[in-house]
Each structure stands twice: as structure tokens, then as C-alpha cells.
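A.B. asks: By this note's numbering, the letter at position 82 of the sequence shown is numbered 103, and the numbering carries on one by one without gaps.
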Amino acid sequence: MLTITRKLEFDAGHRIPDHKSQCRNLHGHRYTLEITLTGAVIEVEGNSDNGMIMDFSDIKALAKEHLVDVWDHAFIVYDKDDKVRDFLAGLPGHKTVVIDRIPTVENLAQVAFGILKAAYKDRYGTGLHLHKLVLHETPNCWAEITDA
22 MLTITRKLEF
32 DAGHRIPDHK
42 SQCRNLHGHR
52 YTLEITLTGA
62 VIEVEGNSDN
72 GMIMDFSDIK
82 ALAKEHLVDV
92 WDHAFIVYDK
102 DDKVRDFLAG
112 LPGHKTVVID
122 RIPTVENLAQ
132 VAFGILKAAY
142 KDRYGTGLHL
152 HKLVLHETPN
162 CWAEITDA
């Protein structure tokens with residue numbers, strides 16, 4: 022199987038409400054996102070994407086539109102974390118992303134995978150699809166999700 026991978030970075034805040042250590046406090050990370058795609062290589066003479074699964078700049082553009090620009094410099098909060106949601110709602114113009122689960126790196130990877138899977142799905146009629154997503158919360162800690 023031939024795959025290609027594009028890496029992007031963004032900054033976001035979160036908290037793990039019931040965590041036993043400092044992660045229960047408001048804090049942020051410099052996240053690194055790795056997007057791995059698979060599909061047939063485009064073989065159309067004269068086409069800008071000839072010889073590629075997908076142009077890396079197009080991978081970046083779609084990731085930014087659907088995920089990175091939405092999450093970058095936002096606070097990602099669990100929809101049941103009422104205290105933090107109320108606090109953030111009191112900050113005029115604050116960039117807040119509410120999700121249906123606790124924003125651990127594992128859950129964020131699952132949410133991101135769902136968003137990006139739809140964005141890349143068979144874009145060229147070549148079977149293009151999101152094969153794997155890796156989300157680094159820190160340089161030493163990350164979650165990976167692979168299409169089954």
C-alpha cells in the first residue's frame with residue numbers, strides 16, 4: 022500500500038475535568054497533526070497532480086479549512102463541562118469549540134479523524150481516503166487512529 026503523509030501544527034487549550042493531576046486545570050498544547058492518505062496514483066498526462074495520490078498543498082488546504090483553522094487558538098471544551106462553558110461564554114468573541122466528549126488526545130484524534138475522513142473521501146474518483154491520523158499532544162505523547 023502506498024501512502025502519503027502531511028504534517029500540520031496548531032495551538033489549542035483544553036482541560037480534563039475529572040483528571041487526578043494538573044490536567045484538570047485550563048491549559049494548552051502545541052498539537053502536531055499527521056494526516057496519512059492512500060489511494061491510486063493519478064495518471065493523467067498534463068494534469069497538475071499527475072503522478073501523485075494528492076498534492077500536499079491540497080491536503081493542507083482541506084485540513085486547514087475543515088479542522089486546523091477551526092481548532093487553532095481555540096479552547097476545546099467538553100459539552101458537559103458547564104463551569105468552563107459558562108466561563109468561556111462570558112468572554113466576548115472567544116474562540117470556543119464544544120465537543121461531545123472529554124478533550125483527551127484520544128478523543129480529539131477520533132473527532133479529527135471523523136471530520137477529515139469526510140473531507141478527503143474519494144476526492145478524485147481514485148479511492149482516495151484517510152488511512153491514518155496521528156495527533157501529538159506533546160512531543161512525547163500522542164494518539165493514532167487507523168481506518169479499519
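Even for Gly, the Cβ is constructed at its ideal location relative to N, Cα and C. Values in this document were obtained by computation on a predicted structure and should not be read as measured data.
#1: Which residues mark the beginning and the end of the beta strand (DSSP E) in which D32 is found?
#2: Could you check where the beta strand (DSSP E) with R51 kicks off and where it finishes?
#3: How many whole angstroms separate the CB atoms of T125 and I37, which I take to be in contact at a CB cut-off of 8 angstroms?
#4: Skipping 5 residues on each side, what residues in its chain have a beta carbon closer than 6 angstroms to that of D76?
#5: Run the CB neighbour count on D39, radius 10 Å, all protein chains shown included, and call it buried at 16 or more, exposed below.
#6: State buried or exposed for G60, treating a residue as buried only when at least 16 other CB atoms are found within 10 Å of its CB.
#7: Determine which residues share a DSSP beta bridge with H150 and list them.
#8: Which residues mark the beginning and the end of the alpha helix (DSSP H) in which E127 is found?
#9: Three-state secondary structure (DSSP) at A169?
#10: Should Y141 and L149 be called a contact, given that it needs their Cβ atoms to be closer than 7 angstroms?
#11: Bridge partners of H157, per DSSP?
#12: Would you report the Cα separation of V62 and Y52, rounded to the nearest angstrom?
#13: Quick one: residues in its chain with C-beta nearer than 7 angstroms to the C-beta of V91, no 5 flanking neighbours on either side, listed in chain order?
#14: I think V98 touches V105, with their Cβ atoms under 8 angstroms apart; what is that distance to the nearest whole Å?
#15: Taking just the CA atoms, how far does F134 sit from H87?
C.D. replies: Considering the structure as presented:
#1: Taken as a continuous stretch (DSSP letters only), the beta strand (DSSP E) holding D32 covers 24–35.
#2: It spans 48–59 - the beta strand (DSSP E) in which R51 sits, taken as one unbroken run.
#3: With a Cβ gap of about 6 angstroms, T125 and I37 count as contacting.
#4: Hits under 6 angstroms: D70.
#5: D39 is exposed by the Cβ-count criterion.
#6: By the 10 Å Cβ count, G60 comes out buried.
#7: Looking at the DSSP assignment, H150 forms a beta bridge with T59.
#8: Residues 126–141.
#9: Annotated three-state conformation of A169 is coil, per DSSP.
#10: Yes. Within cutoff.
#11: For H157, the beta-bridge partners assigned by DSSP are T53, W163.
#12: Cα to Cα, the separation comes out at about 30 angstroms.
#13: Cβ neighbours of V91 within its own chain (closer than 7 angstroms, five residues either side excluded): V118.
#14: That pair is a contact at about 5 angstroms.
#15: In a straight line, the C-alpha of H87 is about 11 angstroms away from that of F134.
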